[in-house]
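In what follows, a single structure is set out as structure tokens and then discussed.
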Amino acid sequence: MHLRLGCLCYDDTFSRNVWPEYVNKLEVYNCSFDADSLFGDWLKKLLRKDYLSHLEVIAIYSTVDITDIEEEIFNAIVTCKNLSFVKIFGNRNFPNLDVTLLKSVLTLWKVSKRGFLKEVELETCFEGSNEEEAEQLCREFFGDRKLIHHKSGQGVVHWHHWQKNANDDKDITSRDTITFCP
Numbered sequence: 137m138h139l140r141l142g143c144l145c146y147d148d149t150f151s152r153n154v155w156p157e158y159v160n161k162l163e164v165y166n167c168s169f170d171a172d173s174l175f176g177d178w179l180k181k182l183l184r185k186d187y188l189s190h191l192e193v194i195a196i197y198s199t200v201d202i203t204d205i206e207e208e209i210f211n212a213i214v215t216c217k218n219l220s221f222v223k224i225f226g227n228r229n230f231p232n233l234d235v236t237l238l239k240s241v242l243t244l245w246k247v248s249k250r251g252f253l254k255e256v257e258l259e260t261c262f263e264g265s266n267e268e269e270a271e272q273l274c275r276e277f278f279g280d281r282k283l284i285h286h287k288s289g290q291g292v293v294h295w296h297h298w299q300k301n302a303n304d305d306k307d308i309t310s311r312d313t314i315t316f317c318p
């Protein structure tokens, strides 16, 4: 099932009515959750299952800190065999695909015997000082290249930074995409 949640304000009745086992694609945009919300626990259950193939969490706000879900996000990226796309950014009191998380994923890929056995694409948006940290991380792992091969000869990682103009060149949208290929 593809579940798309958009513009919810402090209403997460879906989490009582939708079993995580039935969701293989989740998109959450511009939602707010309060202290009574079950969204964090529901999402943890979903991330612990191997059914999810696509995850997008963009511009959500929580009145309580839900950052304790970072470990589940990391584990899903590196172990869920079906998860092939993750886009997480612009959130408050909820994890983003930040430099620390990306560094952990890149480090695990680098020290593993054969890289990852699946293709997974991570997309994020770095803003302000995070842009500088992201550039430093990119230089640390990739040098002046945008593609690195795994030491085993199996698997590559590609880092792509792209910008597009929106709203008649007034706004510039910047994204980073990191793709792991077996």
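Start counting the sequence shown at 137; every next residue gets the next number (the working numbering). Note that the Cβ used here is the ideal one computed from N, Cα and C, for glycine as well. Since the model is a prediction, treat every value here as computed from it, not as a measurement.
Please confirm if residue i has its CB atom under 8 Å from at least one CB of chain C.
i	result
residue 208	Protein chains in the displayed structure number just one, and chain C is not present.
At which residues does the beta strand (DSSP E) containing residue i begin and terminate?
i	result
residue 221	221-225
residue 140	138-142
residue 283	283-285
residue 241	No beta strand (DSSP E) contains residue 241, which is instead part of the alpha helix (DSSP H) from 235-247.
Starting from the Cα of residue i, find the closest Cα among the options and give me that residue.
i	options	result
residue 213	195, 245, 151 and 227	245
residue 219	226, 208 and 229	208
residue 217	181, 187 and 224	187
residue 184	271, 167, 205 and 241	205
residue 157	169, 174, 182 and 272	182
residue 190	275, 274 and 137	137
residue 147	163, 180, 155 and 198	198
residue 238	227, 261, 176 and 228	261
residue 277	311, 247 and 242	242
residue 177	271, 292 and 152	152
residue 311	166, 291, 283 and 194	194
residue 110	272, 149 and 159	Since the first residue of the chain shown is 137 and the last is 318, residue 110 is not available in this structure.
residue 316	196, 225, 291 and 163	291
residue 258	224, 203 and 273	224
residue 163	171, 144, 250 and 280	144
residue 172	201, 161 and 166	201
residue 196	168, 210, 203 and 180	168
residue 166	275, 154, 141 and 299	141
residue 203	180, 230 and 221	230
Residues bridged to residue i by DSSP?
i	result
residue 145	168
residue 316	256 and 293
residue 310	299
I need the boundaries of the alpha helix (DSSP H) containing residue i, first residue and last residue.
i	result
residue 253	Unbroken run through residue 253: none, as it is neither H nor E.
residue 160	No alpha helix (DSSP H) contains residue 160, which DSSP labels as neither H nor E.
residue 151	150-153
residue 276	265-278
Taking 8 Å as the threshold, find out whether the segment 246-254 comes into contact with the segment 262-272 through three or more Cβ pairs. no
Check whether the segment 284-302 and the segment 224-235 touch, using three or more Cβ-Cβ pairs below 8 Å as the test. no
If you scan the segment 175-229 from start to end, which runs of the beta strand (DSSP E) of 3 or more residues do you find wholly inside it? 190-194 and 221-225
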